[in-house]
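In what follows, a single structure is set out as structure tokens and then discussed.
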Amino acid sequence: RWRRRCCCSAGSHHGRPMPGSPYDISRNAAAVQQAVLGATHSFNSQSNDAFLFKPSAVVRAQRQVVRGIRYIVDFQISRTVCPKRNRTSDLDRCHLQPPGRLAQTFRCHLELWLIPWKPGRETLELLCRSPQQDTASCRPASPPRH
């Protein structure tokens, strides 16, 4: 199941975000794109699928400043035509599966925490599921720290 957190307060005061509350950021921000790509590589390394997946859409991106920077991103990944056995790391060269029985898309939720004064990043949550399923398709994952 999708795990969503609801807050009773809206997280804003007079139209401005309250300090410490998550706020929307550009879905095209470099940090968001890097986070989504890293999560996709993690998904690919943990899935048993014969094909690689790549990001197909970023639905929502938020940032929260709290003892570092926490990114909260909802995005979609779709199956490509690139077989995993080829071990390509450049997903830009992989086209999406054409519509048909091999086409598949997962909706993913990522929470990532960056602490600038410490090396690496920590994946707090990575959940992906098929729109047809009610249960998670992959488990929370933590990619290796860089």
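Taken in order, the sequence shown gives residues 1444 to 1589; the numbers are from my numbering.
Glycine included, each C-beta is placed from N, C-alpha and C at the ideal position.
query = Counting Cβ pairs, one atom from each stretch, are 3 or more of them under 8 Å apart for the segment 1485-1496 and the segment 1507-1514?
reply = no
message = Taking DSSP's pairing of strands, which residues face H1552 in a bridge?
response = The sequence position of residue 1552 within the sequence shown is 109, counting from 1. Beta-bridge pairing links H1552 to D1517, L1570.
query = Under 9 Å between the Cβ atoms of C1571 and R1550?
reply = By one-based count along the sequence shown, residue 1571 stands at place 128. By one-based count along the sequence shown, residue 1550 stands at place 107. Closer than 9 Å, so yes.
request  = Compare the Cα-Cα distances from G1416 to each of R1513, N1471, T1483, Q1476 and report the closest residue.
outcome  = Residue 1416 lies beyond the residue range present for the chain, which begins at 1444 and ends at 1589; the question has no answer from this structure.
ask   = Where A1473 and V1524 are concerned, what is the direct C-alpha to C-alpha distance, given to the nearest angstrom?
value = Translated into the one-based positions of the sequence shown, residue 1473 becomes position 30. Translated into the one-based positions of the sequence shown, residue 1524 becomes position 81. Taking the straight line joining both Cα atoms gives about 26 Å.
query = Looking at the structure shown, is L1557 part of a helix, part of a strand, or coil, going by DSSP?
reply = Against the sequence shown, residue 1557 aligns to sequence position 114. Strand.
ask   = Just reading off the alpha helix (DSSP H) that L1495 is part of, what are its end residues?
value = Working through the sequence shown from its first residue, we reach residue 1495 at position 52. Looking at the DSSP string, L1495 is not in any alpha helix (DSSP H); the run it does join, the beta strand (DSSP E), is 1494-1508.
key: Every unbroken alpha helix (DSSP H) inside the segment 1459-1491 [4 residues or more]   = Segments of the alpha helix (DSSP H) lying fully in the segment 1459-1491: 1473-1489.
query = Which residue or residues does DSSP assign as beta-bridge partners of R1591?
reply = Only positions 1444 to 1589 of the chain appear in the structure, and residue 1591 is not among them; the question remains open.
task = State the DSSP-derived secondary structure class of L1545, mapped to helix, strand or coil.
result = Taking the first residue of the sequence shown as 1, we reach residue 1545 at position 102. Note: L1545 maps to coil in three-state DSSP.
request  = State buried or exposed for R1530, treating a residue as buried only when at least 16 other CB atoms are found within 10 Å of its CB.
outcome  = For the purposes of this step, residue 1530 is identified with residue 87 of the sequence shown, where counting begins at 1. Answer is exposed; the Cβ neighbour count stays below 16.
request  = Just the C-alpha distance for S1532 and L1545, rounded to the nearest angstrom, thanks.
outcome  = As a working mapping, residue 1532 is identified with position 89 in the sequence shown. As a working mapping, residue 1545 is identified with position 102 in the sequence shown. Going from the Cα of S1532 to the Cα of L1545 covers about 21 Å.
request  = Please confirm whether any heavy atom of the ligand ZN lies closer than 8 Å to the CB of Q1477.
outcome  = You won't find the ligand ZN in this model; it holds no ligand whatsoever.
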